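Numbering (the UniProt record's numbering), first residue to last: 1 to 234. Using N, Cα and C, we set each Cβ at its ideal position, and we do this for glycine too. As the structure is a computational prediction, the values presented were derived from the model and not from experiment.
1. Out of curiosity, what's the CA-to-CA distance linking residue 59 and residue 41?
2. If I follow the unbroken beta strand (DSSP E) through residue 100, where does it start and stop?
3. Given residue 46, which residues of its chain have a CB within under 6 angstroms of its CB, disregarding the five upstream and five downstream residues?
4. Please work out which residues of its chain come closer than 6 angstroms, Cβ to Cβ, to residue 215, disregarding the five sequence neighbours upstream and downstream, and give them in chain order.
5. If we call anything under 9 angstroms between Cβ atoms a contact, is residue 55 one with residue 91?
6. Sorted by chain position, which residues of the same chain lie with C-beta nearer than 6 angstroms to residue 109's C-beta, five sequence neighbours on each side aside?
7. So, is residue 71 buried or exposed, given that buried needs 16 or more other C-beta atoms within 10 angstroms?
8. Just the C-alpha distance for residue 212 and residue 89, rounded to the nearest angstrom, thanks.
9. Would you kindly work out how many angstroms separate the C-alpha atoms of residue 103 and residue 209, rounded to a whole number?
10. For residue 89, write down the residues that DSSP places opposite it in a beta bridge.
11. May I have the straight-line CA-CA distance separating residue 73 from residue 224, to the nearest angstrom?
12. By Cβ distance below 6 angstroms, which residues in the same chain neighbour residue 106 in space, the five residues on each side in sequence not counted?
13. Assuming residue 52 and residue 85 make a contact with CB atoms under 8 angstroms, what is their CB distance in whole Å?
14. Expressed to the nearest angstrom, what Euclidean distance is found between the alpha-carbon atoms of residue 87 and residue 99?
15. In this structure, how does DSSP classify residue 41 when only helix, strand and coil are distinguished?
16. Looking at the secondary structure, which residues open and close the beta strand (DSSP E) in which residue 80 lies?
17. If I follow the unbroken beta strand (DSSP E) through residue 94, where does it start and stop?
18. Taking Cβ to Cβ, would you say residue 61 is nearer than 9 angstroms to residue 82?
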């Protein structure tokens with residue numbers, strides 16, 4: 001009888017320790033999933049020389065008034081902006097081909113995104129342009145062109161085309177190229193952002209599904225353990 005009592009007490013102690021371990025594991029997994037759900041995400045893209053994007057938490061909640069810094073490949077700060085109430089931001093024109101967008105939600109969460117612009121448009125430069133090099137609103141070549149008188153060239157069909165008309169046609173072609181790039185970016189960027197958000201939400205659902213599997217397996221194991229002493233007593 002004494003041996004049976006000690007055996008029952010020992011069994012209860014083992015069950016208690018197993019239950020404590022299980023509860024600790026569940027709490028650890030829950031807290032890790034909560035921290036993941038508050039992870040900060042950034043999406044950005046070039047539209048011409050301007051960088052547009054959004055900052056949000058996993059799950060889709062916008063990061064309002066988050067600090068966004070623009071960094072070069074060497075870590076030099078090009079400038080900074082703040083997201084609006086929808087978590088969106090827009091920068092002044094950036095002349096660098098590579099920019100690292102770093103967002104800080106001011107509560108310890110940081111997100112990073114990298115964007116590239118193979119062909120920065122010099123025609124879009126303004127007084128607020130961000131660049132790691134020297135900024136100038138007018139190049140030396142443009143000054144030289146403006147100082148020279150326009151020359152008249154006779155075309156084979158007898159039509160005359162002066163230097164000013166040639167320059168204006170070139171600018172028109174460049175402006176058309178910029179308009180096309182902006183139109184394509186405006187159409188493609190929302191699709192890319194939606195796909196990026198979906199991938200993040202899928203990861204969160206995977207974690208929640210994993211927690212459900214763990215709960216199910218742990219519950220089944222505890223149920224089997226609770227049946228063994230009863231079967232031995234019978």
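Inspection of the coordinates gives the following:
1. As a working note, residue 59 is residue 59 in the chain shown. As a working note, residue 41 is residue 41 in the chain shown. Rounded to the nearest angstrom, the two C-alpha atoms are 10 angstroms apart.
2. Along the chain shown, one-based indexing puts residue 100 at 100. Looking at the DSSP string, the run of the beta strand (DSSP E) that includes residue 100 is 98 to 104.
3. Mapped onto the chain shown, residue 46 falls at position 46. 115, 117, listed in sequence order.
4. Taking the chain shown and counting its residues from 1, the one referred to as residue 215 is at position 215. Result list for residue 215: empty, nothing under 6 angstroms.
5. Residue 55 sits at position 55 when you count from the first residue of the chain shown. Residue 91 sits at position 91 when you count from the first residue of the chain shown. No. Outside cutoff.
6. Residue mapping note: residue 109 aligns to position 109 of the chain shown, counting from 1. Taken in chain order, the residues that qualify are 40.
7. One-based indexing of the chain shown puts residue 71 at position 71. So residue 71 ends up on the buried side.
8. Counting from one through the chain shown, the residue named residue 212 turns up at place 212. Counting from one through the chain shown, the residue named residue 89 turns up at place 89. Spanning the two alpha carbons is a distance of roughly 37 angstroms.
9. By one-based count along the chain shown, residue 103 stands at place 103. By one-based count along the chain shown, residue 209 stands at place 209. Rounded to whole angstroms, residue 103 to residue 209 spans 29 angstroms at the Cα level.
10. For the purposes of this step, residue 89 is identified with residue 89 of the chain shown, where counting begins at 1. Among the bridge pairs identified by DSSP, residue 89 is matched with 53.
11. Position 73 of the chain shown holds residue 73. Position 224 of the chain shown holds residue 224. Looking at the two C-alpha atoms, the distance is approximately 58 angstroms.
12. Working through the chain shown from its first residue, we reach residue 106 at position 106. Here the set comprises nothing.
13. By 1-based counting over the chain shown, the position of residue 52 is 52. By 1-based counting over the chain shown, the position of residue 85 is 85. Taking the Cβ atoms as the reference, residue 52 lies roughly 16 angstroms from residue 85, outside the contact range of under 8 angstroms.
14. Walking along the chain shown from the start, residue 87 turns up at place 87. Walking along the chain shown from the start, residue 99 turns up at place 99. Cα to Cα, residue 87 sits roughly 19 angstroms from residue 99.
15. Here residue 41 corresponds to residue number 41 of the chain shown, with the count starting at 1. Three-state DSSP puts residue 41 in a strand.
16. Here residue 80 refers to the residue found at position 80 of the chain shown. Boundaries of the beta strand (DSSP E) around residue 80: 77 to 82.
17. The residue given as residue 94 occupies position 94 in the chain shown. It is not in any beta strand (DSSP E) - residue 94 carries neither H nor E in the DSSP assignment.
18. Here residue 61 is taken as the residue at index 61 of the chain shown, counted from 1. Here residue 82 is taken as the residue at index 82 of the chain shown, counted from 1. It is not a contact, given that the beta carbons lie outside the stated cut-off.
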